[in-house]
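Residue numbers (the working numbering): 0 to 297.
Backbone N, C-alpha and C define an ideal beta-carbon position, used for all residues, glycine too.
None of the values given here were measured: they were computed from a predicted structure.
Worksheet: the structure to be examined is printed underneath.
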Ligand SMILES: [Zn+2]
């Protein structure tokens with residue numbers, strides 16, 4: 000498998016001098032399977048550069064875009080994904096419906112004339128939409144499993160396996176605990192029910208899902224100090240991410256979805272702290288902070 004990060008920033012694009020190293024585009028990742036098939040993870044603003052890159056390569060495209068959830072930072076780049084404008088390309092968008100609106104309308108509505116000049120049904124590529132739940136299915140020869148995780152409106156985490164290799168991508172997720180689970184009104188009851196059914200620590204459900212992953216990409220939006228003020232916002236602090244990676248026994252943990260105000264120097268410091276934590280706690284996996292252009296092959 001070969002992975003390239005085209006957007007790693009959470010919430011909103013953050014161009015500027017202080018984000019040059021890690022990048023300001025919101026989540027989008029390019030995953031190449033060993034059979035050279037392309038799977039795209041999320042359609043944040045990073046997907047625009049990925050689309051331009053694919054066009055420059057002259058590749059005719061048959062790809063699937065796995066959407067974690069439809070918050071803006073994960074779908075906003077789609078209308079700027081140029082391969083969708085080209086006849087002959089085939090694109091399948093995979094994600095979850097919401098109670099009041101299905102996946103296709105979620106994507107189409109952000110392109111309504113009031114927001115954007117080109118409508119979804121004017122795109123020239125062959126577009127298909129596949130609504131999923133918590134399940135297992137096949138995409139371009141890879142086995143994909145999903146898990147609902149803890150975020151306002153809920154997010155889907157993906158586990159992709161192909162020829163004995165694995166990637167787990169959990170972009171927006173907050174530590175779950177039984178005490179807070181019963182009260183927050185911004186989490187879907189069906190998601191709370193699944194986690195509440197776990198005996199002991201509810202986050203075990205995610206550790207099991209990510210078990211033994213070669214590469215584990217997880218939300219690390221906050222520092223532990225910041226998180227105290229942000230309970231219920233749907234994101235993790237880096238110590239939680241490290242402990243989850245350890246419990247899951249992953250080989251490589253990638254800190255992802257950087258807080259929009261975070262400067263390059265601050266992310267450098269967070270990564271240093273994380274690597275120190277690994278030594279102190281005898282955690283044995285590799286740890287990287289995601290940046291635009293980062294490539295991982297395994
Ligand atoms: Zn997000």
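| said: Is residue 25 near ligand 1 - that is, is its Cβ less than 8 Å away from at least one heavy atom of it? | reply: For the purposes of this step, residue 25 is identified with residue 26 of the chain shown, where counting begins at 1. Yes, the beta carbon of residue 25 sits closer than 8 Å to at least one heavy atom of ligand 1.
| query | Going by DSSP, which residues form a beta bridge with residue 290? | reply | Within the chain shown, residue 290 is the residue found at index 291, counting from 1. Bridge partners of residue 290: none, in fact.
| task | Mind checking which residues open and close the beta strand (DSSP E) that includes residue 1? | result | Here residue 1 refers to the residue found at position 2 of the chain shown. Where residue 1 is concerned, the enclosing beta strand (DSSP E) stretches over 1-6.
| For residue 66, the three-state DSSP class (helix, strand or coil) | Start at 1 with the first residue of the chain shown, and residue 66 comes out as number 67. When DSSP states are grouped into helix, strand and coil, residue 66 belongs to the coil group.
| query | Helix, strand or coil: which one does DSSP assign to residue 212? | reply | Taking the first residue of the chain shown as 1, we reach residue 212 at position 213. Coil at residue 212, not helix or strand.
| request: Reducing DSSP to helix, strand and coil, say where residue 41 ends up. | output: Position 42 of the chain shown, counted from the first residue, corresponds to residue 41. Coil.
| said: For residue 156 and residue 143, which I take to be in contact (beta-carbon distance under 8 Å), what is that distance rounded to the nearest angstrom? | reply: For the purposes of this step, residue 156 is taken as the residue at position 157 of the chain shown. For the purposes of this step, residue 143 is taken as the residue at position 144 of the chain shown. That belief does not hold up - the Cβ atoms of residue 156 and residue 143 are roughly 11 Å apart, past 8 Å.
| Do three or more CB pairs link the segment 246-255 to the segment 207-219 at distances below 8 Å? | Between the segment 246-255 and the segment 207-219, the count of C-beta pairs closer than 8 Å reaches three or more; the two stretches touch.
| Thinking just about the alpha-carbon of each residue, which of 129, 168, 3 is nearest to the one in residue 37? | Numbered from its first residue, the chain shown carries residue 37 at position 38. Here the closest residue by C-alpha is 3.
| task | Taking residue 23 as the reference, give the member of 8, 31, 34 with the closest Cα. | result | Walking along the chain shown from the start, residue 23 turns up at place 24. Of the listed residues, the one whose Cα sits closest to residue 23 is 8.
| request: Can you tell me which of the three DSSP states residue 104 falls into? | output: For the purposes of this step, residue 104 is identified with residue 105 of the chain shown, where counting begins at 1. Correct three-state label for residue 104: helix.
| message | Does residue 139 come out as helix, strand or coil in the three-state DSSP assignment? | response | Reading the chain shown from its first residue, position 140 is the one you call residue 139. The answer is coil: DSSP assigns residue 139 none of H, G, I, E or B.
| query | So what's residue 127 in DSSP terms, helix, strand or just coil? | reply | Walking along the chain shown from the start, residue 127 turns up at place 128. Strand, per DSSP.
| What distance in whole Å lies between the Cβ atoms of residue 173 and residue 94, which are believed to be in contact at a cut-off of 8 Å? | Counting from one through the chain shown, the residue named residue 94 turns up at place 95. Counting from one through the chain shown, the residue named residue 173 turns up at place 174. Rounded to whole angstroms, the Cβ separation of residue 94 and residue 173 is 20 Å, and the two are not in contact under 8 Å.
| message | I'd like the span of the beta strand (DSSP E) that includes residue 157, first residue to last. | response | Position 158 of the chain shown, counted from the start, is the residue given in the question as residue 157. Element bounds for residue 157: 154-161.
| said: By alpha-carbon positions, which one of 290, 283, 86 ends up nearest to residue 258? | reply: Within the chain shown, residue 258 is the residue found at index 259, counting from 1. Ranked by Cα distance from residue 258, the options 290, 283, 86 are led by 290.
| query | Which stretch, first to last residue, makes up the alpha helix (DSSP H) that contains residue 272? | reply | Taking the chain shown and counting its residues from 1, one reaches residue 272 at position 273. Where residue 272 is concerned, the enclosing alpha helix (DSSP H) stretches over 263-280.
| Would you say residue 204 and residue 194 are within 9 Å of each other, going by their C-beta atoms? | Taking the first residue of the chain shown as 1, we reach residue 204 at position 205. Taking the first residue of the chain shown as 1, we reach residue 194 at position 195. The answer is yes: Cβ separation under 9 Å.
| said: In whole angstroms, give me the CA-to-CA distance for residue 121 and residue 104. | reply: Here residue 121 refers to the residue found at position 122 of the chain shown. Here residue 104 refers to the residue found at position 105 of the chain shown. So the two alpha carbons sit approximately 14 Å from each other.
| query | Between which two residues does the alpha helix (DSSP H) containing residue 298 stretch? | reply | The first residue shown for the chain is 0 and the last is 297, placing residue 298 beyond what the model contains.
| Cutoff 6 Å; reference residue 10; Cβ partners in own chain excluding five residues on either side | Residue mapping note: residue 10 aligns to position 11 of the chain shown, counting from 1. Cβ within range, chain order: 72, 259.
| query | Since residue 256 and residue 220 are thought to touch, with beta carbons under 8 Å apart, how far apart are those beta carbons, to the nearest angstrom? | reply | Indexing the chain shown from 1 puts residue 256 at position 257. Indexing the chain shown from 1 puts residue 220 at position 221. At roughly 5 Å, the Cβ-Cβ gap stays under 8 Å, so residue 256 and residue 220 are in contact.
| query | Using the C-alpha atoms, what's the distance from residue 199 back to residue 107? | reply | Within the chain shown, residue 107 is the residue found at index 108, counting from 1. Within the chain shown, residue 199 is the residue found at index 200, counting from 1. Across the structure, residue 107 and residue 199 are spaced so that their CA atoms are roughly 41 Å apart.
| task | Taking residue 350 and residue 40 to be in contact with their CB atoms under 8 Å, please state how far apart those CB atoms are, rounded to whole angstroms. | result | This structure leaves residue 350 out entirely; the chain is present only between 0 and 297.
| Cut-off 6 Å between Cβ atoms - residues of its own chain near residue 287, not counting five sequence neighbours on either side | Here residue 287 corresponds to residue number 288 of the chain shown, with the count starting at 1. Cβ contact annotation for residue 287 (same chain, cutoff 6 Å, sequence separation greater than five): 253, in chain order.
| request: For residue 82, I'd like the list of residues in its chain whose CB is within less than 6 Å of its CB, leaving aside the five on either flank, ordered along the chain. | output: Here residue 82 refers to the residue found at position 83 of the chain shown. Residues 50, 53, 60, 88 of the same chain have their beta carbon placed closer than 6 Å to that of residue 82, with the five preceding and five following residues left out of the count.
| Would a C-beta distance cut-off of 9 Å place residue 187 and residue 231 closer than the cut-off? | Position 188 of the chain shown, counted from the first residue, corresponds to residue 187. Position 232 of the chain shown, counted from the first residue, corresponds to residue 231. In this structure, residue 231 does not lie closer than 9 Å to residue 187 by Cβ.
| message | So if DSSP puts residue 89 in a beta bridge, which residue, or which two residues, is it bridged to? | response | Within the chain shown, numbered from 1, the residue matching residue 89 stands at position 90. Its beta-bridge partners are 61, 125.
| request: Output yes or no for whether 9 Å exceeds the beta carbon distance between residue 90 and residue 62. | output: On the chain shown, position 91 is the one that residue 90 refers to. On the chain shown, position 63 is the one that residue 62 refers to. Yes, the pair counts as a contact, with Cβ atoms nearer than the cut-off.
| Can you check whether the CB of residue 16 is closer than 9 Å to the CB of residue 267? | Sequence index remark: in the chain shown, residue 267 carries index 268 (1-based). Sequence index remark: in the chain shown, residue 16 carries index 17 (1-based). Cβ atoms of residue 267 and residue 16: not closer than 9 Å.
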